[in-house]
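Beneath this line is the structure, given in C-alpha cells, with notes to follow.
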Amino acid sequence: MQLLNTVVAHAIPWIPRALVQKISRRYIAGDDLTQAIARIRQLNAQGYCVTVDVLGETVSTLAQAERTTREYLAVLERIHTQGLDAGISVKPSALGSLLDPLQCEQFLEQILNCAADHQTPVCLDMEDARCTQAEIELFQRLKARHGHLSLALQAYLRRTYLDIETMVQEKHPLRLCKGIYLEDASHLVDQAWNDRCAINPHFIQHIARCFETQTFVAIATHDSALIDQVIELVKSRGADRSMFEFQMLLGVCEPLRNQLLASGYKVRIYLPYGKDWYGYSTRRLKENPSIAGYILKAMLGR
Numbered sequence: 388m389q390l391l392n393t394v395v396a397h398a399i400p401w402i403p404r405a406l407v408q409k410i411s412r413r414y415i416a417g418d419d420l421t422q423a424i425a426r427i428r429q430l431n432a433q434g435y436c437v438t439v440d441v442l443g444e445t446v447s448t449l450a451q452a453e454r455t456t457r458e459y460l461a462v463l464e465r466i467h468t469q470g471l472d473a474g475i476s477v478k479p480s481a482l483g484s485l486l487d488p489l490q491c492e493q494f495l496e497q498i499l500n501c502a503a504d505h506q507t508p509v510c511l512d513m514e515d516a517r518c519t520q521a522e523i524e525l526f527q528r529l530k531a532r533h534g535h536l537s538l539a540l541q542a543y544l545r546r547t548y549l550d551i552e553t554m555v556q557e558k559h560p561l562r563l564c565k566g567i568y569l570e571d572a573s574h575l576v577d578q579a580w581n582d583r584c585a586i587n588p589h590f591i592q593h594i595a596r597c598f599e600t601q602t603f604v605a606i607a608t609h610d611s612a613l614i615d616q617v618i619e620l621v622k623s624r625g626a627d628r629s630m631f632e633f634q635m636l637l638g639v640c641e642p643l644r645n646q647l648l649a650s651g652y653k654v655r656i657y658l659p660y661g662k663d664w665y666g667y668s669t670r671r672l673k674e675n676p677s678i679a680g681y682i683l684k685a686m687l688g689r
C-alpha cells in the first residue's frame, strides 16, 4: 500500500485537473465561505467542532495577504453570528510573512482582535523548517496580548523537544502533528526525522509531556496505531478529557473519527476552503503520500 501511495503522489502532475478537483471535494469544503459555513453547520450537527483554514498559503503579494486577512475576518463574523462551534487556523505565509514580517504581524493583530471580540480560538499554524523559529517568536509576541491563541508544533522536527518545553512551562495550548513538509536533505540528519514511523515514539513523548504538565494539546493525526497508543496513554495517566482533543482532516479516515467521537472523545475537523483547491490538493498529496491512500480507499468504498 505504501508503494501505491507513493506512486499516486508522484503521478499528480500527470493527473487531469478535473480528477484532482473531484478528489479534492472530499476534503475541501468548497470555493467560498457560504459553502464552508454549510459544511461547518453539518459537522456541528454531527457532534464535531471545526477549525477553518482559508486556502492560499505563500502569497506572492501583500495585496493577496490583505484579501486573505479580510476573508478571515468574514469567517470570524459568520462563526459568531451563526453560533457555530468553530475556530480558525492561520498560516503566517498566507498573510505575507515571507514578504513583510511586520505587515504580516499587523494583519494577524486585526484577526486576533476580531477573534477576541467573538471569543473564537485561533491556532497559528506551522510551516516548513525555514519558518519555524520566526513563527515561534511571532507566536510569543502575539500570545503576550492574546490569550486565545495556540500554536502548532511538528513532531518530525528534533527541535520540538525544546520548543514544547517552552510551551508547557507557560501552559500555552498547542496543536501537535507529525508534520507534512518535505525538508531539504541537508536538514534531515540534524533537524528532522524523515521516516514517518520513526516519528511516532517522539509524538507520544510530546503528548505525555503535555499530560504531565496539564497543558491542553490538540492531537492531530490519522495514524490509527498512534491514536491507539495515545488512548492507552490517556488511560494509564488518567488524563482529563477536557485537556485534549483529536483533530483530523475533512474527508480523511471518517470511520476512525466517527469511532473516536462515539467513544466520547472531542474531535475537531480541520476544514479548508477556497479557490486554491488545486494547489492545496497537490501539496497535500505530494507532502504526505499516505493521504493518497486514504482518498483512494474512500473513493473505492463509495
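Per the numbering used here, the very first residue in the sequence shown carries number 388; after that it's consecutive.
Think of the CB as a built atom: it goes at the ideal place given N, C-alpha and C, for glycine as much as any other residue.
Rounded to whole angstroms, what is the Cα-Cα separation between Leu-525 and Glu-492? 8 Å
With Leu-536 and Leu-561 assumed to form a contact (beta carbons below 8 Å), what rounded beta-carbon distance in angstroms separates them? So it is not a contact: roughly 11 Å between Cβ atoms.
Opening and closing residue of the alpha helix (DSSP H) in which Ala-452 lies: 449-468
Do you know how far the Cα of Cys-597 is from the Cα of Phe-603? 7 Å
In the DSSP output, what is Ala-531 paired with across the bridge? Paired residues: none, contrary to the question.
Any idea if Tyr-704 is buried or exposed, counting beta-carbon neighbours within 10 angstroms, 16 or more meaning buried? Shown here, the chain extends from 388 to 689; a query on residue 704 therefore has no answer.
Assumed close pair Met-513, Leu-495 - CB separation to whole angstroms, cut-off 8 Å: With 8 Å as the limit, Met-513 and Leu-495 do not qualify as a contact, their Cβ atoms being about 14 Å apart.
Are the Cβ atoms of Gly-474 and Thr-421 separated by less than 7 Å? no
Helix, strand or coil for Cys-501, going by three-state DSSP, please let me know. helix
Proximal residues to Pro-612 (C-beta, below 8 Å), its chain only, five neighbours per side dropped: Per the sequence shown, residue 612 should be read as Ala rather than Pro. Here the set comprises Asn-587.
Residue interval of the beta strand (DSSP E) (run including Thr-438): 436-441
Classify Ser-537 as helix, strand or coil using the three-state DSSP reduction. strand
Boundaries (first-last residue) of the beta strand (DSSP E) holding Met-513: Note, Met-513: premise wrong, no beta strand (DSSP E); not H, not E.
Would you list the one or two residues that DSSP bridges to Glu-632? Ala-605
Between the alpha carbons of Cys-640 and Lys-653, how many angstroms are there, rounded? 16 Å
What does a CB cutoff of less than 7 Å around Tyr-459 pick up in its chain, not counting 5 residues either side in sequence? Val-441, Ile-475, Val-477, Ile-498
Since I believe Lys-565 is in contact with Phe-590 (beta carbons under 8 Å), could you give me their beta-carbon distance rounded to a whole number of angstroms? 6 Å
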